[in-house]
Structures are given as C-alpha cells and as structure tokens.
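A.B. asks: Heads up: the sequence lines are chains W and B, in that order. Sequential numbering of the first sequence, starting at 1, is according to this note's numbering. Sequential numbering of the second sequence, starting at 1001, is according to this note's numbering. The beta-carbon is built from N, C-alpha and C at its ideal position, and this holds for glycine as well. Mind having a look at this structure? Questions to follow.
Number of protein chains: 2
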Amino acid sequence: MAARGRPRGFDREAALARAMEVFWERGFDNASLGELTRAMGINSPSLYAAFGSKEALFQEAMAFYVKTAGSGIWEPVDSLTTARDAIAHVLYATARAFTCHDQSRGCMIVLASPQPRGSNPSISSELERHRRGNRDCLERRLRRAVDEGELPENTHCHAIATFYSTVQHGMSIQARDGASREELLGVADCAMSAWDSLTRPN
Amino acid sequence: MAARGRPRGFDREAALARAMEVFWERGFDNASLGELTRAMGINSPSLYAAFGSKEALFQEAMAFYVKTAGSGIWEPVDSLTTARDAIAHVLYATARAFTCHDQSRGCMIVLASPQPRGSNPSISSELERHRRGNRDCLERRLRRAVDEGELPENTHCHAIATFYSTVQHGMSIQARDGASREELLGVADCAMSAWDSLTRPN
DNA sequence: TAATTTATGTATTGATCAATACATAAATGA
DNA sequence: TCATTTATGTATTGATCAATACATAAATTA
C-alpha cells in the first residue's frame, strides 16, 4: 500500500539525530524550538506533524540516544564472561564515549534535565527511571556472578552497583567540565582498583 | 552614619537564604522570578533594588551556599591530620549533607546549571570554576601528604583527586534520584576501600 | 516643617517561548 | 482530470519570562 498524500520532505531519523544532539548539548529546557528546527532543517509545523510535541520529540531522542550512544556501554554487560570485566567495560567505555566529540558532553541521560521538579517532571522522572535501570543492570550482573561462583556469597551487590553507578554519573560532570580521555580513564582505573577489596570474601 | 531614606522592609540575608533554596531545588533556569519573589516574601522591584538581577542574585546565593552548606564538607580538609581522613571526611560528610532534608537535593554547585552552553554561560562557568576548585583542594591535600611522608613519592595525586571528586559529583545525581543516607554512606565506604591500593608505594 | 533619599506595590514592558491557523504544494486514488 | 490526503511555509497566537515605570510610603537631614 503506497503512502497517501504529499511525501515527507526530510529524513525523519536524520532529523531525530540532530534533535538528539541539541538536547544532549543544551538540555531539555534550553533547547528552544527555534534551535531544534534550525538544526533539524525543518519548520515547526513539520516538527509537530512528525513528532507531536517538544516533549514527545525529546522522548524519541532519548530512546535514540540509548540505542546509539548508550548501547556500546551497556549492551556487553550481560555477555561479558565475568562481572569484573562487565563493570570495567562500562567504566572504560564510558571514559572513551564521553571524550569522543570535539567538546566533551557526558551523558544525556544524566545531564539533560537534572532537577526532578524542573519544567517537565515527566521527562525528569523518565530519565531517572533510566538511570535506575542502568544501576539495576549492574546489580543483576553482580548477583549472577555470585550465583556462578565468581563472587562470594556475602558480596554487597547493591552497594557495589550503586558505587560504580555513582562513579559513572560523576564522569558526566567531569566530562562537561572538560576532563580529558586520560583523566576519565584514570578515574576508571581508580574505581577498578577497589574491586578486589570490594569482592573479598571476608 | 545612619541610613538615609526609607529602611528596607525585609531581612536581606533571610531572603537570600530563601532564594538559595529555590535555586538549589529548581536550578537557575527553572527558578522563575515569580517563584523567587514568592519564596522571598518580596516584590520584584525590591529584589532588583537589593540584588541587581536574577544572575547577581544567583551568584550571591551560590556564595551563601558555599559558606553554609558547603563549609562543613570542605573546610576540614586542610585541618585534618591525614589526607586519608580528609578525603574520607569529604565523602561521609557529603553523604550526610545530601540526605539531611526532606527530599534529597544533592549539591547546588553540581546541579544548578549543568549545561555549559545553557541559558547563562557565565553562571555555568562560575559553577565549573568552583567544582574545579574543590578538586584542586583535594589534590593539594594529597600533595601535602606526600611532602609530609604520609603517602609515597610516586602517588598519582591528580588522578586520585579526580577520582574522589568524581565520586562526590556522582553522589549528587544519586541524591536527586532518591538515594538514602545508608546508600550514600555505602558509596563512600566503597570509594574509601580503594584507598590502600591507590596509595600503595608499588 | 520642608526637602531629600530610599524602599515598596501595582501595573506594565518587550522578548521569547511552545504551539497552531491557514493557505498552498505535492503526492495518490478514482 | 479531479477529489482526497498529507506535508510545507508564512505568519501568528496566548503564555510566560526577566526587568522596569511610576506613584506612593517612610525614613533622614536641614
């Protein structure tokens, strides 16, 4: 069945990628519709026809971010053979990802709308839900490692997952403050140096 | 010399404290003048007469935050007798400070304006300057510990300071996401468990 | 008391925001 | 060809923002 009506004059996914860039760099509130439409190369009626609203556009941009920039960091967590490798991968991949653009930008999920009572609470809570999901992903991986015998039974999986999640969040702030790749890799080194004492039977 | 003209009808510092609370919770952009004046109990002409502008009010609120909420965290760094005690104090005091209100709020310096190209770049850079100052404070304390013989000569003071600074920043995000005091204290525990391996002569 | 100075309350300003009205363009189906 | 459907461009809407104009109130100085 062919599409009825005048065909869309722009690439929807390319426009979404541009919108993601703007939201990533400027945050939700500071990304004005004028800036978005300029970056996307369309006018506001086209934006609203294709995406619905600024909030809906952000939600799609967030999903696009997770699928692209975020997948290289989080997807290998379950496939790597040890929890230690998985955690180390998250930290080192984060250090590289946060410093692969001209200007370091950190994580869109952490920085795009940090105030829970900001202008759009539903966006803030959606971002928070996603951050919590990442932490839970680490905690599940640690529990699996306990089940598999890699880690001792009394491992504090919740505390360790929260710790590494905290380090990963902090790297976003450091990246925004201009930290170099070497500095962020050094942060990952320091964080991983706690591994043995954190997972010691005792 | 007595003050000329009609005396101010409100307590300037109390109003500033109220403004700080609003900026702290809502961030610079989302804190509207209406919300600020309502919280401060004054009308906008009084605000502008007393503080100059929204930006100037924020700068004063930031200084007030540093002097009040921040001093308990950072002031003891130089007076504590070991670098280890100093770093531990920063982390544990942060965990307590970030969870002493009804709703966890994290650090105003980290969360009030996270986008460097936000609506007010001068505020973002001022906040960044302050974050960098805190990291430098840790690094200086570590270097002093090397000079005093507490830590070995080849200690990576810059990397260690960046690491603990990163953890402290990450705790702001966790606090905003509702982390409990126990969870943040656990993060501090995990971070401090890296101390021995980070400062081992090797 | 009269002149001066500073603060306050009410109302308003121009700018910017997200979102939309409306006419027109470009496709398909009959 | 002609009706229908969808997209686009121009222009505009009401809301909200930070900041201010202006008249009045409350103090000091002369």
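(1) Quick check: the Cα distance between W:N30 and W:S53, rounded to an integer number of angstroms?
(2) Considering only their Cβ atoms, is the gap separating W:N120 from W:F28 smaller than 8 Å?
(3) Just to confirm my understanding: we take B:A1097, look at its own chain, exclude 5 residues before and 5 after, and list those with CB closer than 8 Å. What are they?
(4) Can you give the beta carbon distance from W:G106 to W:R176, rounded, assuming they're within the 8 Å contact cut?
(5) Below 7 Å between beta carbons is the criterion; list the residues of the region 82-115 of chain W that meet it against any residue of chain B, in chain order.
(6) Assuming contact is defined by CB atoms lying nearer than 8 Å, are W:C100 and B:A1194 in contact in what I supplied?
(7) Taking B:S1180 as the reference, which of W:A159, W:L185, W:I87 has the closest Cα?
(8) Spatial neighbours of W:A95 within its chain, please: C-beta separation below 6 Å, excluding the five flanking residues on both sides.
(9) Cα separation between B:G1041 and W:E21?
(10) According to DSSP, is B:C1157 part of a helix, a strand, or is it coil?
(11) Counting C-beta neighbours from all protein chains within 10 Å, is the total for B:L1151 16 or more, i.e. buried, or is it exposed?
(12) W:S124: buried (16+ other C-beta within 10 angstroms of its C-beta) or exposed?
(13) DSSP on B:S1079, reduced to helix/strand/coil?
(14) Cα separation between B:Y1092 and B:S1044?
(15) Quick one: list the residues of chain B neighbouring W:N30, beta-carbon separation under 9 Å, in chain order.
(16) For the alpha helix (DSSP H) containing B:P1045, list its first residue and its last residue.
(17) Helix, strand or coil for W:P7 per DSSP?
(18) So for W:T99, helix, strand or coil by DSSP?
(19) Of the residues B:L1138, B:V1066, B:A1003, which one's Cα is nearest the Cα of B:V1110?
(20) Can you tell me which of the three DSSP states W:P121 falls into?
(21) How far does the alpha helix (DSSP H) with W:G186 in it reach, from first residue to last?
(22) Is the Cβ-Cβ distance between B:H1169 and W:I173 less than 8 Å?
(23) Can you tell me which of the three DSSP states B:D1196 falls into?
(24) Using a Cβ-Cβ cut-off of 8 Å (strictly less than) and excluding sequence neighbours within five positions of B:S1122, which residues of its own chain qualify?
C.D. replies: Let me spell this out:
(1) 15 Å
(2) yes
(3) A1069, G1072, I1073
(4) 5 Å
(5) V110, L111, P114, Q115
(6) no
(7) W:A159
(8) L184, L185, A188
(9) 40 Å
(10) helix
(11) buried
(12) buried
(13) coil
(14) 39 Å
(15) D1029, Q1115, R1117, G1118, S1119
(16) 1044-1051
(17) coil
(18) coil
(19) B:V1066
(20) helix
(21) 181-192
(22) yes
(23) helix
(24) E1055
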